[in-house]
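**Student:**
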Amino acid sequence: MALVARNITGFQHVFAHVHRCCYSKSVQQEIKKNCSKDIYTNLALEDWIYRNFDLKNQHILMLWQNEPCIVIGRHQNPWLETNFPELPNITEQGVKLARRNSGGGTVFHDLGNLNLTFFTPREHYDRKYNLEILTRSLFREFGLKAEISPRKDLTVRNYKVSGTASKLGRPNAYHHCTLLVKTNKVDLSLALQRHEVDIETNATKSIKTKIMNLCEDNPDVSINKLRKAIGWEYMRTTALTIRDGGLHLANKQKGFQMDSQKIRDQYTSWEWCYGKTPKFNISKTFSVPETLISSYGASCDLKITMTVECGKISDISLYIPPGLSSSGFSGNANVISSLIGHKFSEEALNILENLLGGYVDEKEKFVSECLKQLLCLI
Amino acid sequence: MAGRYRQIFQIPTLSWLVEKQSLTKIGSICSSNFHVCGYSSARVSYKLSDIGEGIREVVVKEWHVKEGDVVSQFDNICEVQSDKASVTITSRYDGVIKKLHYAIDDIALVGKPLVDIETEEGGETADDEIPHDLAKDIMVEEQVENRDTTIISEQPILCIPSVRRLIKEHNVDPKLIKGTGKNARILKEDVLKFLEKRSEPIGTTTLIGDRVEPIKGFQKAMARTMTESLKVPLFLYSDEISVTRLSELRRSIKSLPELKDVKISLLPFFVKAASNALQRYPILNSSPDENCENVTYHGSHNIGIAMDTKVGLAVPAVKNVEGLGVMEIAKELARLMESGREGTFAPDDLKGGTFSISNIGAMSGTYMKPIPLPPQVAIIALGASQVLPRFDENRNVVAEEILNISISADHRIIDGATVARFAQFLKKQIENPYLLFLNV
Chain R
1 MALVARNITG FQHVFAHVHR CCYSKSVQQE IKKNCSKDIY TNLALEDWIY
51 RNFDLKNQHI LMLWQNEPCI VIGRHQNPWL ETNFPELPNI TEQGVKLARR
101 NSGGGTVFHD LGNLNLTFFT PREHYDRKYN LEILTRSLFR EFGLKAEISP
151 RKDLTVRNYK VSGTASKLGR PNAYHHCTLL VKTNKVDLSL ALQRHEVDIE
201 TNATKSIKTK IMNLCEDNPD VSINKLRKAI GWEYMRTTAL TIRDGGLHLA
251 NKQKGFQMDS QKIRDQYTSW EWCYGKTPKF NISKTFSVPE TLISSYGASC
301 DLKITMTVEC GKISDISLYI PPGLSSSGFS GNANVISSLI GHKFSEEALN
351 ILENLLGGYV DEKEKFVSEC LKQLLCLI
Chain C
1 MAGRYRQIFQ IPTLSWLVEK QSLTKIGSIC SSNFHVCGYS SARVSYKLSD
51 IGEGIREVVV KEWHVKEGDV VSQFDNICEV QSDKASVTIT SRYDGVIKKL
101 HYAIDDIALV GKPLVDIETE EGGETADDEI PHDLAKDIMV EEQVENRDTT
151 IISEQPILCI PSVRRLIKEH NVDPKLIKGT GKNARILKED VLKFLEKRSE
201 PIGTTTLIGD RVEPIKGFQK AMARTMTESL KVPLFLYSDE ISVTRLSELR
251 RSIKSLPELK DVKISLLPFF VKAASNALQR YPILNSSPDE NCENVTYHGS
301 HNIGIAMDTK VGLAVPAVKN VEGLGVMEIA KELARLMESG REGTFAPDDL
351 KGGTFSISNI GAMSGTYMKP IPLPPQVAII ALGASQVLPR FDENRNVVAE
401 EILNISISAD HRIIDGATVA RFAQFLKKQI ENPYLLFLNV
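Quick note, the sequences are listed as chains R and C, same order. Residue numbering for the first sequence follows full-length UniProt numbering, starting at 1 and increasing by one per position. Residue numbering for the second sequence follows full-length UniProt numbering, starting at 1 and increasing by one per position.
Written out as C-alpha cells, the structure reads:
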C-alpha cells in the first residue's frame with residue numbers, strides 16, 4: 001500500500017493505538033455485514049446484539065445499509081425534524097420513518113450511505129478510537145483527510161461526512177455512525193426540510209450542518225471499497241475473525257429468531273416511532289375572517305395550541321381574540337373534547353373531518369378548519 | 001438555551017426539590033450536601049456515575065421508575081442523554097425508590113445524587129463509583145477446595161459486594177449457588193434460598209445415606225463417574241490367591257525394629273505386585289479417548305487406592321509406583337489414609353490415577369464387581385482373607401489363607417485373555433513374595 005509510506009504521522013498514530021489495544025490480546029473482533037436493507041430489521045438486530053450478546057471477549061463491528069429512510073434520535077420529535085407530510089412522496093417507494101435507540105440528531109439513509117456500529121462492553125466504549133479507525137482507513141485507502149469534530153462528527157474540508165450517536169447501558173454499549181458516500185442529496189434535503197412550525201419542546205433538536213458525499217472528494221470511493229477498507233483497518237488493531245452475513249450468523253444465536261421479530265415489531269410500532277416523542281406544544285395562528293368578528297379593530301388572530309404527550313393529544317388551548325369572544329364565542333367544547341386522547345396522526349384528522357360535516361355554526365366551523373390546518377402537519 | 005443551563009449549574013437547587021426537602025435554604029447549600037441528614041440508615045443516595053469521555057452533565061430524558069416503586073438491582077432507572085449518547089442508568093440496589101432528584105429535561109450532574117433508594121441493608125454509602133462500573137462484577141475467587149477436584153467451575157461468579165459478604169458469612173461455596181439474576185448473577189434471594197435448603201452449615205461431615213447432600217459432593221462426583229462408567233462394557237475376572245506366605249512375610253517384617261512405626265498391611269504388596277504386572281501388560285495402565293479411537297499408554301503407574309473416607313468414596317493415587325519399593329509405598333499409603341481420615345486431601349493426590357485397587361475386603365466381602373474409574377480401564381478389588389482348607393501337592397488338607405480378587409477391565413480395548421494373564425502374573429507374585437523384589 002503506497003499510501004502507508006506517505007504520511008509518517010499517520011502511521012505513528014496507528015502504532016499508538018495498536019499499543020493501546022495490546023492489553024486486550026484475548027479480545028476477538030468480528031465484523032458482521034447485514035444482508036437486510038430494511039431499517040427496522042437492522043435496528044432490531046443492533047438492539048438484539050446490544051441486549052443479548054456477551055461482548056466481554058469479543059467486539060463486533062456491524063456494517064449495514066438501508067433503503068431510503070429517515071432515522072430520528074431516541075428523544076426527538078419527528079414532526080419537528082422531518083418533512084413529515086412529504087415523506088411518502090420522496091423517492092419511488094417513499095421514505096420510511098424510524099426511531100433509533102441511541103441519542104443524537106436526525107439522519108437520512110439511503111443506499112449511498114454506509115452505517116457502522118461498534119459494539120463493545122461498557123468499559124471499552126471509546127468513540128474517538130472508533131472514529132480514528134475510520135479516519136485511518138479513509139486515508140490509507142483513498143487519501144482522504146478526515147477530521148474529527150468536537151461533536152464527534154467526521155468532516156472533510158469542513159463539510160460533514162459522518163454523524164455519530166451511541167447507546168450506553170449495562171453491560172454493553174454501542175457507537176454507531178454514518179458515512180455519506182454517494183447519497184442522493186436532493187432527497188436528503190427534501191426529507192430533512194423543516195416546516196415553519198411553532199413547536200415548543202425539550203426534545204433533542206438536530207443541528208443542521210453542511211454535508212458532503214465522500215465521492216465528491218475522491219470519485220474512487222464506493223460503498224464496497226469503503227467497507228473493505230474499514231474492515232481491514234478494524235482487523236489490524238487486534239486479533240481477528242472476519243465473517244460475513246450478520247443475519248445468518250445471528251440466526252445461530254439462541255433466541256434470535258424469536259426475539260428479532262419481536263424487536264422489529266417494536267421498531268415499526270406507532271408507540272415507538274411516535275409515542276416516544278417527548279411532550280411538545282404545537283401552535284398555529286390564524287387570522288379570523290372579518291365576517292365572524294363584531295367590528296373591534298383589535299387583534300383578530302386566533303391561536304391554537306395543542307399539547308401532545310406520548311404522541312397523543314392531551315390538551316388543546318385556544319387564544320381567542322377579543323373580537324371573537326365578544327360575539328359570544330367561547331371556544332367550541334365539542335371539537336376539542338373529541339380530539340383529546342387521540343393519536344396525533346391521521347386519526348385525529350379523520351375525526352375532525354367527520355365532525356366538520358355536522359357543524360352549522362360558522363364559528364365552530366372556522367375553529368375546526370383551523371384545527372385541521374394545524375393537523376396538516378401529520 | 002446555553003444560558004439557562006449555566007444558571008442551573010451555579011445554583012444547583014431546583015425549586016421542586018426544595019419543596020420536598022425543606023432542610024436548607026437556597027443559596028446556602030453547596031451541591032455536595034444534598035443528601036445530608038434526615039435520612040434513615042437504610043436510605044441510600046444513588047449518585048450518577050461517570051459516563052466517560054469527561055462528561056460532567058447530562059439531561060434526564062425519561063424515568064423508568066417513580067417514587068414508591070420497588071426496584072431490583074440492574075433494573076432500568078432512567079435514560080439520560082449527553083451529547084449524542086443515550087445512556088441507560090441501572091440500579092445498583094434492591095429497594096424502594098424514595099426520591100427522584102431530577103425532573104425530565106433537567107440537567108443531572110455526574111457524581112451528584114440521582115435517586116434515593118431505601119434498601120434493607122443499613123448504613124451503606126453510595127460511594128462515588130470509579131468510572132467503569134455501576135454494579136461491579138465481582139469475581140469470587142475459586143476457593144482451592146482440597147476435597148473436591150472433580151467439580152469444575154467454568155463461569156466466573158458474579159454478585160454485588162453485599163451478596164458476597166453474605167456468602168462469606170455463611171461460609172458457602174458460591175459455585176454451588178445457582179444465580180438467577182442477569183448473566184447468572186447470584187442475587188441475595190438465591191443465597192437465602194440456598195441456605196434454607198441446607199439443614200446444617202458447611203464444614204461438617206458428609207453423611208452417606210438418605211440425607212441429600214448438596215455440597216462438595218464426593219457423592220456427586222461418584223454419581224457422575226459411575227454413570228459414565230456404565231457406558232463402558234466391563235469384563236469381570238475373579239480368582240482366589242493364597243496369601244499364606246505373604247502374611248508370614250508381613251509378620252516377620254513387622255517385627256523388625258526399623259519398621260516398628262510403619263503400618264504394613266497386605267495392601268502395599270498388592271500395589272507393588274500390580275505395578276510389576278502392569279509392566280508386563282501395559283494395556284491395563286492405559287486410557288482410551290472419548291470416541292475410543294486412540295489409546296494412551298501411561299508411562300507411570302499411578303495406582304489409586306479406593307478408600308472409604310470421612311467425606312465418602314475417594315480414590316487417592318500413589319504416584320510412580322514402578323519406582324517405589326514396598327516400604328515407600330506403605331509409607332505413602334499411610335499418609336493417604338491419614339488424609340482420608342481427616343478428610344483433607346491435597347488436590348494432587350486425587351488426580352492422575354491410571355489404575356485402581358479397591359481394598360474393600362478390609363471391611364468384608366469375598367467376590368465383587370468393581371467399576372473402573374474413567375478414564376482408567378481396569379480395577380482390582382481385594383476381598384477379605386479367610387483361612388480355608390485347601391489341598392496341597394500331596395492331596396493333604398492344609399489351612400491356607402485365601403483372598404479373592406476380582407478384576408474388572410474395559411472390554412473395548414482389553415480382551416479376556418490379557419486380563420487372565422495379568423491376573424495369573426499378579427497371583428504368582430503374591431503367592432511367591434520374593435518375586436516382588438526380584439521383579440521377574
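Idealized CB from N, CA, C, for every residue including glycine.
Thinking just about the alpha-carbon of each residue, which of C:I253, C:Y281, C:Q424 is nearest to the one in I414 of chain C?
**Tutor:** Looking at the Cα atoms, C:Y281 is the closest of the given residues.
**Student:** Mind listing which residues of the region 257-282 of chain R have their C-beta closer than 9 angstroms to chain C's C-betas, in chain order?
**Tutor:** The residues in question are K276, P278, K279.
**Student:** Going by other Cβ atoms of all chains shown within 10 Å of its Cβ, with 16 needed for buried, is V172 of chain C buried or exposed?
**Tutor:** Buried, by the Cβ-count rule.
**Student:** Counting only C-beta atoms, is V51 of chain C closer than 8 angstroms to chain R at any point?
**Tutor:** Looking at the sequence shown, residue 51 of chain C is not Val but Ile. Interface residue, yes.
**Student:** Nearest chain R C-beta to A108 of chain C closer than 8 angstroms, yes or no?
**Tutor:** For A108 of chain C, the answer is no, since every Cβ of chain R falls outside 8 angstroms of its Cβ.
**Student:** Please state whether the Cβ-Cβ distance between I107 of chain C and E67 of chain C is less than 8 angstroms.
**Tutor:** For I107 of chain C and E67 of chain C, no; Cβs fall outside 8 angstroms.
**Student:** Would you mind sorting T285 of chain R into buried or exposed? The rule is 16 or more other CB atoms within 10 Å of its CB.
**Tutor:** So T285 of chain R ends up on the exposed side.
**Student:** Mind reading off the beta-carbon distance from R127 of chain R to E233 of chain R? Whole number of angstroms is fine, and I expect it under 8 angstroms.
**Tutor:** In fact, because the Cβ distance is near 16 angstroms, the residues do not count as touching under 8 angstroms.
**Student:** Count the other CB atoms, across all protein chains shown, that sit within 10 Å of the CB of E189 of chain C; report buried if there are 16 or more and exposed otherwise.
**Tutor:** Exposed, because fewer than 16 other Cβ atoms sit within 10 Å of the Cβ of E189 of chain C.
**Student:** Taking the continuous beta strand (DSSP E) assigned at G304 of chain C, which residues delimit it?
**Tutor:** Segment 303-309, the beta strand (DSSP E) holding G304 of chain C.
**Student:** Looking at C-beta atoms only, is the number of pairs between the region 207-226 of chain R and the region 160-172 of chain R that lie closer than 8 angstroms three or more?
**Tutor:** Counting Cβ pairs under 8 angstroms, three or more are found: they touch.
**Student:** Using CA atoms only, rank isn't needed, just tell me which of C:V295, C:N294, C:N302 is closest to L278 of chain C.
**Tutor:** The shortest C-alpha separation from L278 of chain C is found at C:N302.
**Student:** Let me check understanding here. Comparing Cα to Cα, which of C:G95, C:I241, C:R412, C:L333 lies closest to N294 of chain C?
**Tutor:** When each option's Cα is compared against that of N294 of chain C, the closest is C:R412.
**Student:** For a contact meaning CB atoms closer than 8 angstroms, what does T88 of chain C contact in chain R?
**Tutor:** Within 8 angstroms Cβ-Cβ: K167, L168, G169, R170.
**Student:** Got a sec: is the Cβ-Cβ distance from Q73 of chain C to anything in chain R below 8 angstroms?
**Tutor:** Closer than 8 angstroms: no.
**Student:** Less than 8 angstroms separating the beta-carbons of L114 of chain R and L179 of chain R?
**Tutor:** Cβ atoms of L114 of chain R and L179 of chain R: closer than 8 angstroms.
**Student:** Nearest chain R C-beta to Q81 of chain C closer than 8 angstroms, yes or no?
**Tutor:** So, interface residue.
**Student:** How about the region 404-411 of chain C and the region 378-392 of chain C: do they share at least three Cβ pairs that are nearer than 8 angstroms?
**Tutor:** Cβ pair count under 8 angstroms is three or more, so yes.
**Student:** Tell me, which residues are paired with R99 of chain R by DSSP?
**Tutor:** Answer is R:I72.
**Student:** Quick one: is D415 of chain C near chain R, going by C-beta distance under 8 angstroms?
**Tutor:** Output row for D415 of chain C: interface = no.
**Student:** Report yes if the CB atom of I329 of chain C is closer than 8 angstroms to the CB atom of V315 of chain C, and no otherwise.
**Tutor:** Cβ atoms of I329 of chain C and V315 of chain C: not closer than 8 angstroms.
**Student:** Judging by CA-CA distance, which residue of R:T277, R:H124, R:N172 is the nearest neighbour of A203 of chain R?
**Tutor:** Nearest of R:T277, R:H124, R:N172 to A203 of chain R, Cα basis: R:T277.
**Student:** Between which two residues does the beta strand (DSSP E) containing K32 of chain R stretch?
**Tutor:** From DSSP, the beta strand (DSSP E) with K32 of chain R extends over 28-33.
**Student:** Between the region 219-233 of chain C and the region 390-405 of chain C, are three or more C-beta pairs nearer than 8 angstroms?
**Tutor:** The region 219-233 of chain C, when compared against the region 390-405 of chain C, does not touch it at the 8 angstroms Cβ threshold.
**Student:** Only counting the same chain, and skipping five residues up and downstream in sequence, which positions put a Cβ closer than 7 angstroms to that of R251 of chain C?
**Tutor:** Counting only Cβ-Cβ distances below 7 angstroms, and skipping sequence neighbours, we find nothing.
**Student:** State the Cα-Cα distance for the pair E196 of chain R and L55 of chain R, rounded to the nearest angstrom.
**Tutor:** Taking the straight line from one Cα to the other gives about 45 angstroms.
**Student:** How many angstroms separate the CA atom of D315 of chain R from the CA atom of D94 of chain C?
**Tutor:** Between D315 of chain R and D94 of chain C, the C-alpha separation is close to 38 angstroms.
**Student:** Taking the straight line between their C-alpha atoms, what separation do you get for V308 of chain R and W270 of chain R?
**Tutor:** So the alpha carbons of these two residues sit roughly 14 angstroms apart.
**Student:** Let me confirm a value: Q143 of chain C is counted as buried when at least 16 other C-beta atoms fall within 10 Å, else exposed. Which label applies?
**Tutor:** Note that Q143 of chain C has pLDDT 34, beneath the 50 cutoff, so the model's placement of it is unreliable and the number below is only indicative. Burial call: exposed.
**Student:** Is the region 133-153 of chain R touching the region 180-200 of chain R in the sense that three or more CB pairs, one from each, lie closer than 8 angstroms?
**Tutor:** No, the region 180-200 of chain R is not in contact with the region 133-153 of chain R.
**Student:** What's the gap between the Cα of I39 of chain R and the Cα of K372 of chain R?
**Tutor:** Near 31 angstroms, if we compare the C-alpha coordinates of K372 of chain R and I39 of chain R.
**Student:** Is it true that the region 108-122 of chain C meets the region 83-97 of chain C, where meeting means three or more beta-carbon pairs spaced less than 8 angstroms apart?
**Tutor:** The answer is yes - the region 83-97 of chain C touches the region 108-122 of chain C, with three or more Cβ pairs under 8 angstroms.
**Student:** Rounded to whole angstroms, what's the CA-CA distance from P131 of chain C to L318 of chain R? Just pull it up for me.
**Tutor:** Unreliable placement is indicated for P131 of chain C, whose pLDDT of 37 sits below 50; no coordinate value is reported for it.
**Student:** Which one or two residues does DSSP pair with D173 of chain C in a beta bridge?
**Tutor:** DSSP output for D173 of chain C lists no bridge partner at all.
**Student:** Taking Cβ-Cβ distances shorter than 9 angstroms, what residues in chain C pair up with R74 of chain R?
**Tutor:** Correct list: K61, E62, E79, Q81, S86.
**Student:** Taking the alpha-carbon positions, what's the L80 of chain R to F142 of chain R distance?
**Tutor:** Roughly 37 angstroms between the two C-alpha positions.
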